[in-house]
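Presented below is the structure to which this report refers.
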Amino acid sequence: MGSSRNTLPAEIVKGIVGHIGLNARVTSWEDEKEIHVDVWGDDVALLIGKGGKTLEALQELVSAMVAGKTGERRRVQVDVEKYRERKRRRLAEKGREAAEKCVRTGMPVSMEPMSSAERKMVHDALKDDGRVITRSSGEGMERHVVIYPSEE
Amino acid sequence: MKELLEYIARHLVDNPDQVEVSVREGEKSLILELQVAPQDTGKVIGRNGRIINAIRTLIKAAAVKKGYTNTIVDVKD
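Each protein sequence line maps, in turn, to chains W and R.
When we follow the working numbering, the leftmost residue of the first sequence carries the number 624, and every step to the right adds one.
When we follow the working numbering, the leftmost residue of the second sequence carries the number -5, and every step to the right adds one.
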């Protein structure tokens, strides 16, 4: 193995989209932490699904299929038409808006409930904003980000 | 759908040659039954059913494209 590229995740994704009958292009790149597989095509929206539900399922399956075959330790990150990146930008923007409100009013601001991956995108977007502190609050489906003014 | 489920299952298990999928089909419904070697059952179900639920989500999405509005994926035990 060493520094050789692991092409298995991309091959597996190609196999899946081929069996579904989608006309799609699959590209792949990797770093020390993650192997990224990107799917592009005309009718690939079905791989995203409502709120990204199908994409999360695809990600879960491809990770398990890769781990089973090779013992690959790196995470596999599957994206479709850069959906994740667009979502990250949208959530970062929402987080910044909520942070501005928090700074303006001096009061904590609760955001809408989100999945752990979505909450992480908000925490990451605000981690360098010294004016606010972000925490997650609530249980299960109600878990959401709360933005507090920092003490200084 | 049968080939898709077989493809996924064969990549998850230790005994790919023992993966079998049987299909029952109605006008708009599809029932897929997955059979794997007994020691591989946990691999296709996953912790708290995570893997089988991911399989169901993906197969359902793919089946809708083929016109099936009701799709069931079961693991035979």
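All residues carry an ideal CB built from backbone N, CA and C; glycine is no exception.
The structure displayed is predicted, hence computed values, not measured ones.
Residue 734(W) carries a strand assignment under DSSP once its states are collapsed to helix, strand and coil.
Judged by DSSP in its simplified three-state form, residue 647(W) adopts strand.
Short of 8 Å from the beta carbon of residue -1(R), and not among the five residues preceding or following it, lie these beta carbons of its own chain, in chain order: 15, 26, 28, 49, 53, 67. The C-beta distance from residue 8(R) to residue 34(R) rounds to 6 Å, short enough to meet the 8 Å contact threshold. For residue 37(R), the C-beta contacts it makes with chain W under 9 Å involve 687, 691, in order along the chain. In the three-state reduction of the DSSP assignment, residue 30(R) falls in the coil class. By the criterion of a C-beta distance shorter than 7 Å, residue 648(W) is surrounded in its chain by 663, 664, once the five residues flanking it on both sides are discounted.
Ranking 657(W), 710(W), 773(W) by CA distance to the CA of residue 685(W) puts 657(W) first. Residue pairing of residue 664(W) in beta bridges, as defined by DSSP: 647(W).
Residue-level contact check: residue 40(R) touches chain W, since one or more beta carbons of chain W fall below 8 Å from its beta carbon. Within chain W, not a single residue places a beta-carbon under 7 Å from that of residue 70(R); the smallest gap is close to 20 Å.
DSSP lists 659(W) as the bridge partner or partners of residue 700(W).
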